[in-house]
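Student:
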Amino acid sequence: MKYLKNIFGICLTLLIVSCGTKEIVIQAQEVDDIVTYLASDELEGRDTGSEGIEKAAVYIENYFKDLGVQPYFDTYRDSFTVKGANAFNVIGYLEGTDPELKNEFVIIGAHYDHIGFAQEENGDKIANGANDNAAGVGTVLAMAKYFAKTKSNKRSILFTLFSAEEKGLVGSKYLAKTLKAKNIDLYIMLNFEMVGVPLVDKDYTAYVTGFDKTNLAEKMNEYAGKKIAGFLPKAGEFRLFMRSDNYPFFKEFNVPCQTFSTFDFTNFQHYHKVGDSSDKMNFDHMAAFVNTFIPAVKKAVNAETKEIKMNPSK
0 MKYLKNIFGI
10 CLTLLIVSCG
20 TKEIVIQAQE
30 VDDIVTYLAS
40 DELEGRDTGS
50 EGIEKAAVYI
60 ENYFKDLGVQ
70 PYFDTYRDSF
80 TVKGANAFNV
90 IGYLEGTDPE
100 LKNEFVIIGA
110 HYDHIGFAQE
120 ENGDKIANGA
130 NDNAAGVGTV
140 LAMAKYFAKT
150 KSNKRSILFT
160 LFSAEEKGLV
170 GSKYLAKTLK
180 AKNIDLYIML
190 NFEMVGVPLV
200 DKDYTAYVTG
210 FDKTNLAEKM
220 NEYAGKKIAG
230 FLPKAGEFRL
240 FMRSDNYPFF
250 KEFNVPCQTF
260 STFDFTNFQH
270 YHKVGDSSDK
280 MNFDHMAAFV
290 NTFIPAVKKA
300 VNAETKEIKM
310 NPSK
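According to numbering that gives the first Met the number 0, numbering within the sequence shown proceeds without interruption in unit steps and concludes at 313.
1) Would you check if there are 3 or more beta carbon pairs closer than 8 Å linking the segment 158–172 to the segment 112–121?
2) Use the C-beta contact count for Gln257: other C-beta atoms within 10 angstroms, 16 or more gives buried, fewer gives exposed.
3) Quick check: the Cα distance between Thr20 and Ala287, rounded to an integer number of angstroms?
4) Counting only the same chain and skipping the five closest in sequence on each side, list residues whose C-beta sits under 6 Å from that of Gln69.
5) Does the structure place the segment 130–142 close enough to the segment 23–37 that three or more beta carbon pairs sit under 8 Å?
6) Are the beta-carbon atoms of Tyr71 and Ile59 separated by less than 8 Å?
7) Are Asp263 and Lys233 touching if we call contact CB-CB under 8 Å?
8) Assuming Ala141 and Met219 form a contact by the criterion Cβ under 8 Å, report the distance between their Cβ atoms to the nearest whole angstrom.
9) Tell me, please, whether the segment 100–110 touches the segment 230–248 by the rule of three or more beta-carbon pairs shorter than 8 Å.
10) Cβ of Lys201 within 8 Å of Cβ of Gly229?
11) Do Phe259 and Ala27 have their C-beta atoms within less than 8 Å of each other?
12) In the DSSP assignment, what residue or residues form a beta bridge with His110?
13) Threshold first: 4 residues or longer. Then list the alpha helix (DSSP H) segments lying entirely within the segment 81–153, N to C.
14) Ends of the beta strand (DSSP E) at Ile187?
15) In the DSSP assignment, find the unbroken beta strand (DSSP E) run with Ala234 in it and report its ends.
16) Let me know the secondary structure DSSP gives Gly170 once reduced to three states.
17) Opposite Gln257 in the DSSP bridges: which residues?
18) When the Cα atoms are used, what is the spatial distance from Glu306 to Ala299?
19) Helix or strand or just coil, what does DSSP make of Thr265?
20) Does the beta carbon of Glu165 fall short of 7 Å from some heavy atom of the ligand GTP?
21) May I ask you to report which of helix, strand or coil DSSP gives Tyr246?
22) Suppose contacts are defined by Cβ-Cβ distances below 8 Å. Is Leu168 in contact with Asp77 by that definition?
23) Which term fits Lys144, buried or exposed, when burial requires 16 or more other beta carbons within 10 angstroms of its beta carbon?
24) Just to confirm the assignment, what range does the beta strand (DSSP E) spanning Tyr206 have?
25) Span of the alpha helix (DSSP H) holding Asp31?
26) Of all the options Lys82, Ser276, Gln118 and Ala147, which has the alpha carbon lying nearest to the alpha carbon of Glu94?
27) For Met309, which residues of its own chain have a beta-carbon under 8 Å away from its beta-carbon, when the five flanking residues on both sides are left out?
28) Flag this pair as yes or no: are the beta carbons of Gly48 and Ala126 separated by less than 8 Å?
Structure below.
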């Protein structure tokens with residue numbers, strides 16, 4: 000009997016691996032590596048047009064190459080100018096596996112630029128931008144890894160890392176107009192902004208901006224089987240829906256395009272300051288955040304119909 004059990008266990012393991020159903024779990028060290036590099040002093044705060052943001056772009060491109068994620072355009076870079084300076088979004092593309100649904104697109108995005116330098120504190124002037132927004136980049140790249148390894152996306156996905164967000168959403172405005180001109184069928188745009196530290200005393204994992212404009216939060220909670228997306232009153236008070244890279248896509252396509260964040264104005268005191276460094280990040284939280292959101296994002300990407308919709312009169 001023991002011999003038969005062993006044989007059964009081996010066969011079951013081989014079956015799981017051969018069927019490609021072995022799950023990918025994102026580890027804390029993986030997001031740590033991404034955020035710590037992007038928020039290092041070497042990159043000098045990743046200001047648009049700087050040598051530091053060029054290094055960040057190369058890092059993201061190489062990450063996509065290692066995963067086998069293809070460029071959407073001729074290269075990974077979507078180039079534009081900001082006040083005479085060269086800038087570029089970095090975009091990876093995974094074609095959908097379903098012959099019909101692959102013609103619909105999901106954008107998973109975050110901005111990878113920051114402000115460069117800020118008011119000096121203890122001899123330090125570099126605004127490293129760990130939470131804002133290397134943490135969002137780490138989230139997007141971790142999701143790219145998951146979908147690239149599992150090949151489980153029926154719809155096509157664009158993993159978009161935006162530049163010049165800090166200059167007024169310039170990169171996302173440029174890309175939104177470009178994709179609108181190409182007449183892509185955009186289903187949803189999911190943006191991740193400042194997710195490096197957990198919320199405190201909330202009954203949800205992250206809040207979603209523009210909460211009442213769509214049923215996104217409701218569907219994400221349904222897909223996750225628990226409350227991962229909630230409403231933060233301050234998000235409306237500070238008009239956060241219109242202040243991140245989701246907004247240009249919402250304006251161009253009029254489909255659900257929203258941002259998830261765990262920064263609630265009380266749990267992180269280093270916004271646009273030199274203290275926004277990787278040692279302030281909670282990487283166990285970030286790994287748990289990604290692993291919590293991936294199943295819900297996967298169900299959204301693979302839904303047979305467009306279940307996430309605009310609410311009436313919103």
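In this text, a Cβ means the ideal position worked out from N, Cα and C, and glycines have one as well. Since this is a predicted model, take the numbers as computed values, not measurements.
Tutor: From the atom records:
1) yes
2) As a position in the sequence shown, residue 257 is number 258, starting the count at 1. A residue is called buried once 16 or more other Cβ atoms fall within 10 Å of its Cβ, and Gln257 is buried on that count.
3) As a first step, residue 20 must be located in the sequence shown, where it is residue number 21. As a first step, residue 287 must be located in the sequence shown, where it is residue number 288. Low confidence applies to Thr20: its pLDDT is 46, below 50, so where it sits in the model is not reliable, and the reading given next is rough at best. The alpha-carbon atoms of Thr20 and Ala287 are separated by roughly 20 Å.
4) Walking along the sequence shown from the start, residue 69 turns up at place 70. Excluding residues within five positions, the ones whose Cβ falls inside 6 Å are Tyr92.
5) Yes: at least three Cβ pairs fall under 8 Å.
6) Here the question's residue 71 lines up with position 72 in the sequence shown. Here the question's residue 59 lines up with position 60 in the sequence shown. Judged by their CB atoms, Tyr71 and Ile59 are not nearer to each other than the 8 Å cut-off.
7) As a first step, residue 263 must be located in the sequence shown, where it is residue number 264. As a first step, residue 233 must be located in the sequence shown, where it is residue number 234. Against a cut-off of 8 Å, the Cβ pair of Lys233 and Asp263 comes out as a contact.
8) Translated into positions along the sequence shown, residue 141 becomes position 142. Translated into positions along the sequence shown, residue 219 becomes position 220. With a Cβ gap of about 17 Å, Ala141 and Met219 do not count as contacting.
9) yes
10) As a first step, residue 201 must be located in the sequence shown, where it is residue number 202. As a first step, residue 229 must be located in the sequence shown, where it is residue number 230. Going by C-beta atoms, Lys201 is nearer than 8 Å to Gly229.
11) What you label residue 259 is simply residue 260 of the sequence shown in a count that begins at 1. What you label residue 27 is simply residue 28 of the sequence shown in a count that begins at 1. Result no, Cβ atoms of Phe259 and Ala27 do not sit closer than 8 Å.
12) Taking the first residue of the sequence shown as 1, we reach residue 110 at position 111. His110 is bridged to Phe161.
13) 134–149
14) Numbered from its first residue, the sequence shown carries residue 187 at position 188. Taken as a continuous stretch (DSSP letters only), the beta strand (DSSP E) holding Ile187 covers Asp184 to Phe191.
15) Sequence index remark: in the sequence shown, residue 234 carries index 235 (1-based). Here Ala234 belongs to no beta strand (DSSP E); instead the alpha helix (DSSP H) covers Pro232 to Glu236.
16) One-based indexing of the sequence shown puts residue 170 at position 171. Residue state, collapsed to three classes: helix.
17) Locating residue 257 in the sequence shown gives position 258, where the first residue counts as 1. In DSSP, Gln257 forms a bridge with Leu189.
18) Locating residue 306 in the sequence shown gives position 307, where the first residue counts as 1. Locating residue 299 in the sequence shown gives position 300, where the first residue counts as 1. Straight-line Cα distance between these residues: approximately 8 Å.
19) By one-based count along the sequence shown, residue 265 stands at place 266. The three-state reading of DSSP puts Thr265 in coil, since its state is none of H, G, I, E or B.
20) Judged by which ligands are present, the structure shown has none, so any question about the ligand GTP falls away.
21) Translated into the one-based positions of the sequence shown, residue 246 becomes position 247. Three-state result, Tyr246: helix.
22) The count along the sequence shown starts at 1 and reaches residue 168 at position 169. The count along the sequence shown starts at 1 and reaches residue 77 at position 78. Judged by their CB atoms, Leu168 and Asp77 are not nearer to each other than the 8 Å cut-off.
23) In the sequence shown, residue 144 corresponds to position 145, counting from 1. Of the other Cβ atoms in all chains shown, 16 or more fall within 10 Å of the Cβ of Lys144; this residue is therefore buried.
24) On the sequence shown, position 207 is the one that residue 206 refers to. Tyr206 -> beta strand (DSSP E) spans Ala205 to Val207.
25) Sequence index remark: in the sequence shown, residue 31 carries index 32 (1-based). Per DSSP, Asp31 belongs to the alpha helix (DSSP H) from Ala27 to Leu37.
26) Here residue 94 is taken as the residue at index 95 of the sequence shown, counted from 1. Taking only the C-alpha atoms, the option nearest Glu94 is Ala147.
27) Counted from its first residue, the sequence shown places residue 309 at position 310. Excluding positions up to five away in sequence, the list reads Lys212, Thr213, Asn253, Val254 and Pro255.
28) Stepping through the sequence shown from its first residue, residue 48 is reached at position 49. Stepping through the sequence shown from its first residue, residue 126 is reached at position 127. No. Outside cutoff.
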